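>
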Amino acid sequence: MKSYIKKYGKYIDYPLLFAYLVLTIFGLIMIYSASMAWSVNYYNDPPSRFYKQQLLNLAIAYPVFLIAAVFPYKHFKKKWMMATVLAVIFAGLILVHFIGFAAGGAKSWISLGFANIQPSEVAKVGLIFYLAGVFSNKYRNGSINKLNESIIPPVIILTAVLILVFFEPDLGSMVIIGAVGLSVMAASGVRLKPFVKLAGIVITATAVVIVPMMVFAQDIIFTEKRMGRIDAFFNPFSDELGFGFQIVNGYLAIGSGGLSGLGLGQSIQKLGYLPEPHTDFIMSVIAEELGVLGVVVVIGGLGFVVLRGLWIAMTTSDPLARMLAAGVASMIGIQSFVNLGGLSGIIPLTGVTLPFISYGGTSVILLSLAMGVLMNVSMFNKYEKTKK
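The numbering used here applies: residue 388 is where the sequence shown begins, and numbers increase by one.
1) Among the residues of its own chain, which have a CB less than 8 Å from the CB of F522, if the five just before and after it don't count?
2) According to DSSP, is K465 helix, strand or coil?
3) Taking only the alpha-carbon atoms, compute the straight-line gap between I447 and L756 and give it to the nearest angstrom.
4) DSSP three-state call for S745: helix, strand or coil?
5) Nearest to L677 by alpha carbon, out of S643, F632, L661?
6) For V715 and N431, what's the separation of their Cα atoms in angstroms?
7) Alpha carbon to alpha carbon, how far is Y517 from G650?
8) Can you give, in chain order, each stretch of the alpha helix (DSSP H) that sits fully within the segment 669–736 and has at least 4 residues?
9) Go through its chain and collect everything with a Cβ distance to N763's Cβ below 6 Å, but skip five positions before and after it.
10) Under a Cβ-count criterion, where at least 16 other Cβ atoms within 10 Å of its own Cβ denotes burial, should Y638 be classed as buried or exposed?
11) Give the single residue among P623, L558, F630, V567 whose Cα lies nearest to the Cα of I719.
12) Could you work out which residue in Q441, G565, L727 is closest to A547 when comparing CA atoms only?
13) On the CB-based measure, 16 or more other CB atoms within 10 Å of its CB, does N636 come out buried or exposed?
14) To the nearest angstrom, how far is it from the Cα of Q440 to the Cα of P434?
15) Do you know how far the Cα of K584 is from the Cα of P556?
16) Evaluate the contact criterion for the segment 660–674 versus the segment 691–702: three or more CB pairs, one atom per stretch, below 8 Å.
17) Quick one: what does DSSP say N503 is sitting in, helix, strand or coil?
18) With three or more beta-carbon pairs closer than 8 Å as the criterion, would you say the segment 506–516 touches the segment 471–478?
19) With DSSP as the reference, label F554 as helix, strand or coil.
20) Here's a check: name, in chain order, each residue in its chain whose Cβ is nearer than 8 Å to the Cβ of S750, leaving out the five neighbours to either side.
21) Looking only at C-alpha atoms, which of F554, R527, L569, S560 sits nearest to I539?
22) Please report the distance separating the alpha-carbon of G520 from that of V472.
23) Determine the burial state of N428: buried for a count of at least 16 other Cβ atoms within 10 Å of its Cβ, exposed for fewer.
24) Please report the distance separating the alpha-carbon of F452 from that of K769.
25) If you scan the segment 416–487 from start to end, which runs of the alpha helix (DSSP H) of 4 or more residues do you find wholly inside it?
26) Does DSSP classify K533 as helix, strand or coil?
27) To which residues of the same chain is P599 closer than 7 Å at the C-beta, ignoring the five residues directly before and after it?
28) DSSP three-state call for I539: helix, strand or coil?
29) If you drop the 5 nearest sequence neighbours on each side, which residues of the same chain put their C-beta closer than 8 Å to that of S426?
30) Would the segment 669–687 and the segment 719–739 be scored as touching if the rule is three or more Cβ pairs under 8 Å?
31) Note down, in chain order, each residue of its chain lying with its Cβ closer than 8 Å to the Cβ of A781, except the 5 sequence neighbours on either side.
32) Give me, in chain order, the residues of the same chain whose beta-carbon lies closer than 7 Å to that of S647; leave out the 5 immediate sequence neighbours on both sides.
33) Do A424 and K657 come within 7 Å of each other at the CB atom, strictly closer than that value?
34) Please name the residue in A502, G500, F501, I481 whose C-alpha comes closest to that of K494.
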């Protein structure tokens with residue numbers, strides 16, 4: 388490990404590190420601003436409740452990032468590592484159905500006593516590691532395009548994960564996991580024809596299980612809350628005090644911010660008009676308080692991380708590194724789009740947090756793990772270029 392750090396440590400990707408630190412610190416500041424009234428009014432706690440908790444989360448996340456950045460990423464293609472990752476993913480996704488508790492309409496959390504974890508968040512990152520390891524091995528032995536031998540087994544794993552997440556039911560996370568899984572496969576080197584078959588298998592296999600559920604368990608899947616979100620997507624002002632409440636007040640927050648905003652801490656909508664403004668709708672508070680400039684900082688930072696990750700994926704010579712970088716970049720990009728698309732009315736609301744910015748321990752720790760791996764890949768890539 389010491390020799391690895393000495394070999395690659397001087398090739399730190401400082402722009403990537405800077406973007407990561409700016410996003411997490413900016414998110415910490417905005418969590419404090421967005422959650423002050425919520426903490427006092429709904430929890431009868433000091434205004435700093437969520438700020439202090441997120442500070443503790445970052446105290447864990449930063450060392451996780453550092454460890455992932457120096458832990459040789461090539462271990463992800465070893466069988467013991469892939470087996471461990473799968474065991475953790477399925478243990479969490481199965482246990483949540485028995486000992487989990489509901490939050491936001493989905494039974495997607497497990498209490499450890501001292502903390503709560505969200506297994507679907509673990510699955511997002513874990514599947515990137517697993518799929519990248521599997522397909523990199525298949526790529527090296529020349530069997531990457533063999534459907535039965537190399538493609539169907541990992542697709543079965545991905546489909547099983549999607550079904551377990553659907554049954555929570557957490558449709559937002561299911562969409563993100565499926566899209567990220569296909570992104571890793573697209574970067575694996577599979578030819579177009581097998582990849583199209585692969586995507587078809589994932590969609591068909593998932594539909595075979597989910598469609599009957601949607602037909603015979605409509606009361607469970609199509610709850611009043613979910614149907615209300617769909618109605619609010621098409622016309623939020625038709626029920627602005629009901630299901631359209633979040634979106635309408637999100638629009639008011641965004642619209643009142645203007646170019647420079649009302650000032651840090653001056654949001655009106657966070658005073659009870661935006662439910663849990665420090666999570667899904669934190670960008671609305673940013674727009675209201677810091678205006679277009681604050682929004683540009685966040686979207687610019689996230690966009691830089693995504694584009695940097697894709698650039699690393701396209702310029703590296705190692706298949707495993709390519710898939711890891713593409714997977715991390717696509718996860719951050721897709722989740723950012725789902726969050727911002729939901730609050731802006733482009734797509735229906737799904738209850739997905741904004742990466743690095745929204746409050747959440749499981750999210751920021753696992754995102755830091757993914758960013759550490761991306762940093763690791765970037766350092767290896769820079770070393771290889773220097774060596775050549």
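Ideal Cβ placement from N, Cα and C applies to all residues, glycine included. It should be emphasised that the depicted structure is a prediction, and the values quoted were computed from it without experimental measurement.
On the basis of the supplied data:
1) Around F522: I531, S537, P541, V571, M572, S575, G576, V577, P706, M710.
2) Three-state result, K465: coil.
3) A direct Cα-to-Cα measurement between I447 and L756 gives close to 10 Å.
4) Judged by DSSP in its simplified three-state form, S745 adopts coil rather than helix or strand.
5) Taking only the C-alpha atoms, the option nearest L677 is S643.
6) Those two C-alpha atoms are separated by around 38 Å.
7) Cα to Cα, Y517 sits roughly 44 Å from G650.
8) You should have 669–702, 706–731.
9) A456, Y460, listed in sequence order.
10) So Y638 counts as buried.
11) Of the candidates P623, L558, F630, V567, V567 places its Cα closest to the Cα of I719.
12) Comparing Cα positions, the closest option is G565.
13) Burial check for N636: the Cβ neighbour count within 10 Å reaches 16 or more, so the residue is buried.
14) Cα-Cα distance, rounded: 12 Å.
15) Cα to Cα, the separation comes out at about 27 Å.
16) By the C-beta criterion, the segment 660–674 is judged not to be in contact with the segment 691–702, since fewer than 3 inter-stretch pairs fall below 8 Å.
17) For N503, the three-state secondary structure derived from DSSP is strand.
18) Three or more Cβ pairs drawn from the segment 506–516 and the segment 471–478 lie within less than 8 Å of each other, which places the two stretches in contact.
19) Judged by DSSP in its simplified three-state form, F554 adopts coil rather than helix or strand.
20) Closer than 8 Å at Cβ, skipping near neighbours: Q505, E508, T740, P742.
21) It is L569 whose Cα lies nearest to the Cα of I539.
22) Going by the C-alpha atoms only, they are around 11 Å apart.
23) Burial call: exposed.
24) Approximately 19 Å, taken between the alpha carbons.
25) When DSSP assignments are scanned along the segment 416–487, the uninterrupted stretches of alpha helix (DSSP H) that are 4 or more residues long and fall wholly within it turn out to be 436–457, 466–486.
26) In this structure, K533 counts as coil in the three-state DSSP scheme.
27) Around P599: no qualifying Cβ.
28) If DSSP states are grouped into helix, strand and coil, I539 belongs with the helices.
29) So the list reads D432, P433, P434, S435, R436, F437, once near-sequence residues are dropped.
30) The answer is yes - the segment 719–739 touches the segment 669–687, with three or more Cβ pairs under 8 Å.
31) Outside the displayed range of the chain (388 to 775) lies residue 781, so it cannot be described from this structure.
32) Hits under 7 Å: G678, L680.
33) The answer is yes: Cβ separation under 7 Å.
34) Of A502, G500, F501, I481, the residue nearest in Cα terms is I481.
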